[in-house]
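Colleague: Below you will find the structure I want to go over with you.
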Amino acid sequence: MRSRVLAVSVAIAAIALAITSPRAGATFSGTNGPIAFSSDGAGDRDIWTVNPDGSGLADLTSGVGAPGFALEPQWSPNGTQIAFRGGRTASAEIYTMNADGTGFTQLTSNSVKDYAPAWSPDGSLIAFASNRNDPDPTNCVDLFGCNIDIFVMPATGGVPVQVTFDSGADEYPQFSPDGTKIVYQTDDGGAFAIYTVDLATLATTKLTADSLGAGYPDWSPDGTKITFADQVLCSLIPRKDCKSNVFVMAANGSLVTQLTRKFGNNLYPGWSPDGDKIVFSHTSLGSRKPQQIYTMNADGTGVTRITRTNDESFTPDWGSG
Numbered sequence: 003m004r005s006r007v008l009a010v011s012v013a014i015a016a017i018a019l020a021i022t023s024p025r026a027g028a029t030f031s032g033t034n035g036p037i038a039f040s041s042d043g044a045g046d047r048d049i050w051t052v053n054p055d056g057s058g059l060a061d062l063t064s065g066v067g068a069p070g071f072a073l074e075p076q077w078s079p080n081g082t083q084i085a086f087r088g089g090r091t092a093s094a095e096i097y098t099m100n101a102d103g104t105g106f107t108q109l110t111s112n113s114v115k116d117y118a119p120a121w122s123p124d125g126s127l128i129a130f131a132s133n134r135n136d137p138d139p140t141n142c143v144d145l146f147g148c149n150i151d152i153f154v155m156p157a158t159g160g161v162p163v164q165v166t167f168d169s170g171a172d173e174y175p176q177f178s179p180d181g182t183k184i185v186y187q188t189d190d191g192g193a194f195a196i197y198t199v200d201l202a203t204l205a206t207t208k209l210t211a212d213s214l215g216a217g218y219p220d221w222s223p224d225g226t227k228i229t230f231a232d233q234v235l236c237s238l239i240p241r242k243d244c245k246s247n248v249f250v251m252a253a254n255g256s257l258v259t260q261l262t263r264k265f266g267n268n269l270y271p272g273w274s275p276d277g278d279k280i281v282f283s284h285t286s287l288g289s290r291k292p293q294q295i296y297t298m299n300a301d302g303t304g305v306t307r308i309t310r311t312n313d314e315s316f317t318p319d320w321g322s323g
């Protein structure tokens with residue numbers, strides 16, 4: 003284990019030193035800008051943006067050079083770029099683009115599934131999930147029974163460094179605002195739970211009880227809290243008697259507080275750059291209506307619908323202004 007920690011630490015340090023493009027000066031905190039999200043409004047899956055008041059709806063991945071299937075957008079800390087997953091199932095790769103939908107760059111290229119990208123707070127690194135270590139990655143493209151790990155690579159592309167090593171499905175990573183840890187969801191213990199991995203030691207810490215079935219974590223801009231959804235299995239195998247809600251907890255896993263109640267299925271929560279609000283997707287329980295993007299205050303009050311379409315809208319991420 004000691005040799006593995008040393009190798010990973012050296013590799014991550016080398017990645018950071020190898021970055022030649024200008025680093026973002028900001029961390030995750032800032033003023034509230036547009037919200038990016040995935041939608042089927044163009045007939046497939048595209049990345050869209052919308053202002054927090056619902057105005058300015060724009061499709062960013064329908065132009066020349068865009069991959070035909072785009073999901074899971076994540077704003078860079080300075081709000082100038084978006085990382086996202088392009089491609090279906092086994093052919094999924096990590097891409098970046100400018101905030102206006104130009105300058106598409108493919109960062110990974112292989113026959114495995116690379117997805118769920120997330121920027122480091124200085125903009126130099128991107129973490130992502132990959133099934134590249136599974137014995138049969140071409141056929142093991144869903145959660146169940148697959149070995150999925152978290153990797154880190156330069157934001158300009160390059161050789162990824164593996165940072166989680168269990169046999170479960172480790173997904174949806176997010177860097178802590180100080181860049182020392184990554185929070186993620188995993189089913190390694192048999193139930194979905196939220197863990198962190200310390201990038202200096204590779205030590206993992208379990209934050210949530212199995213009974214919560216927790217996933218889709220996101221760190222608050224000041225690093226003191228983590229928002230997440232419970233019962234994420236309900237989003238994968240929908241049932242009328244099963245729903246997800248948005249929660250918040252202290253960064254050490256204490257003070258778990260439920261924010262949404264009696265409000266259907268609520269998934270993919272994420273903080274606003276100023277830390278005062280949370281964006282998430284919502285659909286009515288037992289309804290065939292598509293998911294829509296909502297915001298609320300960080301205490302669960304002031305729930306407001308942002309998208310008003312007949313399209314499926316999900317995986318929102320709030321960028322800085």
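Residue numbers (our numbering): 3 to 323.
Even for Gly, the Cβ is constructed at its ideal location relative to N, Cα and C.
What residues in its chain sit with their C-beta under 8 angstroms from that of Trp50, if we drop five residues either side in the sequence?
Modeller: Closer than 8 angstroms at the Cβ level, and outside the excluded window around Trp50, lie Ala38, Phe39, Ser40, Ser41, Gly43, Leu59, Ala60, Asp61, Leu62, Ser315.
Colleague: Could you check where the alpha helix (DSSP H) with Ser237 kicks off and where it finishes?
Modeller: Unbroken alpha helix (DSSP H) run through Ser237: 235 to 238.
Colleague: Can you look up Leu209 in the DSSP assignment and give me helix, strand or coil?
Modeller: Leu209 falls in the coil class under three-state DSSP.
Colleague: Could you spell out the range, first to last residue, of the beta strand (DSSP E) harbouring Leu95?
Modeller: According to the sequence shown, residue 95 is Glu rather than Leu. Unbroken beta strand (DSSP E) run through Glu95: 95 to 100.
Colleague: By Cβ distance, which residues of its chain are closer than 7 angstroms to Ala68, with the 5 residues on each side in sequence left out?
Modeller: So the list reads Phe106, once near-sequence residues are dropped.
Colleague: What does a CB cutoff of less than 7 angstroms around Gly215 pick up in its chain, not counting 5 residues either side in sequence?
Modeller: Ala193, Phe194, Asp232, Gln233, Val234, Leu235, listed in sequence order.
Colleague: Applying the 10 Å Cβ sphere with the 16-neighbour rule, what's the burial state of Lys291?
Modeller: It is exposed - the Cβ of Lys291 has fewer than 16 other Cβ atoms within 10 Å.
Colleague: Taking the beta strand (DSSP E) that Asn141 falls in, what are its first and last residues?
Modeller: It is not in any beta strand (DSSP E) - Asn141 carries neither H nor E in the DSSP assignment.
Colleague: In this structure, how does DSSP classify Leu214 when only helix, strand and coil are distinguished?
Modeller: Helix at Leu214.
Colleague: Assign Thr198 to one of two classes, buried (16 or more other C-beta atoms within 10 Å of its C-beta) or exposed (fewer than that).
Modeller: So Thr198 ends up on the buried side.
Colleague: Taking the alpha carbon of Asp102 as the point to measure from, which residue in Gly217, Ser122, Asn268, Val66 has its own alpha carbon closest?
Modeller: Nearest C-alpha to Asp102: Val66.
Colleague: Alpha carbon to alpha carbon, what distance is there between Asp190 and Phe146?
Modeller: Each residue's alpha carbon lies about 11 angstroms from the other.
Colleague: Tell me, please, which residues DSSP counts as bridged to Leu287.
Modeller: Its beta-bridge partners do not exist; DSSP assigns none.
Colleague: In angstroms, rounded to a whole number, what distance separates the CA positions of Arg378 and Gln176?
Modeller: Only positions 3 to 323 of the chain appear in this structure, which leaves residue 378 out of reach.
Colleague: Classify Ala253 as helix, strand or coil using the three-state DSSP reduction.
Modeller: Three-state DSSP puts Ala253 in coil, outside helix and strand.
Colleague: Taking C-beta to C-beta, are Gly89 and Phe71 nearer than 8 angstroms?
Modeller: A contact, by the Cβ cut-off of 8 angstroms.
Colleague: Since I believe Ala85 is in contact with Pro123 (beta carbons under 8 angstroms), could you give me their beta-carbon distance rounded to a whole number of angstroms?
Modeller: Rounded, the Cβ-Cβ distance is 14 angstroms, inconsistent with contact.
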